[in-house]
Structure formats: C-alpha cells, structure tokens
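Report on the following structure.
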Amino acid sequence: LELPYTLFENEEKVLKQLIEAKKKGVTRTQANNLAHIYLSKQAGLAFCVDWRLNTLNSHAAQYLENLGAKQITLSAESSLSNAKRVKTTTEKGVIVYGHLPVMTYRVCPIKSEIGCKNCKGKGQLTYRKGNKFPLMCSDAAAFLYNPQPIYLPDRLDELHGMHFGTLYFSLESKDECSQIINDYLQGKMQKEKGSYTRGLLYRKVQ
C-alpha cells in the first residue's frame, strides 16, 4: 500500500486508514518519507522503502534496515554501479520503469490560471523548448512528471546484484500497464515505443 507522498496535516486520517487497511488484509506499506515509517509502525504494518527516501549508500540502507525495512528501492539518482555497492541484508532494487515526478507543487500552477474545474486533475506544462510535462493533482498537491519514462526491458540482465526491479506506474492506462509488464517479462522493447530514458543508472554519481 503506497502512502500519500504529501501528508501535510493528514497524519491522523492516514493512520486510521492504515489501521482499517490492516483489518482488510494489507500487511505492508511503501514508505516515501520518514513519517510513513512512523505511521506504518503505529498501525502495526511492515514497511518497504520507496525510491523517494533517496537511499544512496550503505550507511543509509543499514539505518533503514535497522528501522525494520523489508525491502529498499534505492534512489532514482543512483547509478547502477553505485547501487551494486550498497551493502545491506535487506532486499534492494532499483526503478526499472516509470515516468518519475520531477517537481511537487503545494499550489497548482494550472489552478491559478484556469481553475480546477477546467483541468479535472490532469494537465500539462510546456517547457520553453516545447517539451510538454504532464501534471497531475493528488493528495492536496500537484506533481509534474518527466514526459520520458525510464524504460529498459532489454537491459534486465545487467541488474545482477539487485533483488528486484520496480515498475512505477503513474500516467499509464490499464492496457499500457499490461503491455509494459509483458515487455519486461519477455525482456523485449516495443518497436513503436516513443521517447524514453535510461534514467541515471548508467551515469556516474558526482
């Protein structure tokens, strides 16, 4: 169960939801920040660390392991060579697919221009070079997404040392999710796949 990235003053509400979720059979949460770990423990749920907690080295991974993390998705800013050097007995993995958010807004820029009724929670901002960035509202905040997804079903054999890879779905339809999952199961790229990125996995961490 992924907790809302932006909590603001909703900790008590989320805690009640977690307690109810546990009654219905949920056993783990996906923690995006330290507050999520605290709330998960209060609700009696195990937690996995998401990439937004920015785990980049062995010290951070071992600290989170000591807190009780069942899995750790390493930072999206980590290179693959760096990820392989992170030492932890907890399962570790990296993002292998997804349109990642590049900015979070407390006040939605589209709301200030045209209002929420004309946007319906999904819009886009155009960069000065013409690139269009998807914008979605959720949890009392707006998230700007990279229009290029991380996409590497053809590079999975290079992920030795990782226990898992995370497919991070956000903008995709149900059919698109199904197709992408199939790509990764087969280890093949879609021939018609548009613009994409390999993320920072093959860059050096400065």
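Residue numbers for the sequence shown follow this note's numbering, beginning at 416 and rising by one.
Ideal placement from N, C-alpha and C gives every residue a C-beta, glycine not left out.
Please read all numbers here as calculations on a predicted model, not as lab measurements.
Give the straight-line distance between the Cα atoms of residue i and residue j, rounded to the nearest whole angstrom.
i	j	result
G459	N472	28 Å
I434	G576	35 Å
S494	R500	10 Å
L421	R521	Looking at the sequence shown, residue 421 is not Leu but Thr. Their Cα atoms are separated by approximately 9 Å.
A557	R570	32 Å
G602	I529	43 Å
A476	E424	28 Å
T503	A450	22 Å
Y512	Y617	14 Å
E573	K606	21 Å
K456	W466	19 Å
H578	S496	15 Å
L454	Y599	33 Å
V429	C552	18 Å
R443	S585	20 Å
Y478	T581	21 Å
Pull up the CB-CB distance for residue i and residue j, whole angstroms please, since I reckon it's below 8 Å.
i	j	result
I452	L515	Actually they are not in contact, since the Cβ atoms of I452 and L515 sit about 21 Å apart, beyond 8 Å.
P562	M604	Rounded, the Cβ-Cβ distance is 18 Å, inconsistent with contact.
L615	E426	Incorrect: roughly 32 Å between the Cβ atoms, too far for contact.
L418	Q445	7 Å
Which two residues bound the contiguous beta strand (DSSP E) that contains residue i?
i	result
A446	443-446
L482	Per DSSP, L482 belongs to no beta strand (DSSP E); it is in the alpha helix (DSSP H), 473-482.
K507	506-513
L559	556-560
L550	547-553
P516	516-520
Relative to the alpha-carbon of residue i, which residue among the options has its alpha-carbon at the smallest distance?
i	options	result
K526	L586, T541, L550	L550
V464	M604, L416, V522	L416
C523	G513, N481, G538	G538
Y583	D590, I596, L571	I596
L482	S496, S490, N448, N497	N448
L559	M518, V429, K431, E587	M518
T470	A555, S490, E480	S490
What are the start and end residues of the alpha helix (DSSP H) that includes residue i?
i	result
Y599	589-601
Q486	That residue, Q486, is in no alpha helix (DSSP H); its beta strand (DSSP E) goes 486-488.
K537	That residue, K537, is in no alpha helix (DSSP H); its beta strand (DSSP E) goes 537-541.
K437	426-438
A461	Note, A461: premise wrong, no alpha helix (DSSP H); beta strand (DSSP E) at 461-464.
Any chance the stretch 498-511 sits against the stretch 533-546, with 3 or more Cβ pairs inside 8 Å?
Short answer: they don't touch.
For the 8 Å Cβ check, are there 3 or more pairs between the stretch 607-617 and the stretch 470-488?
no
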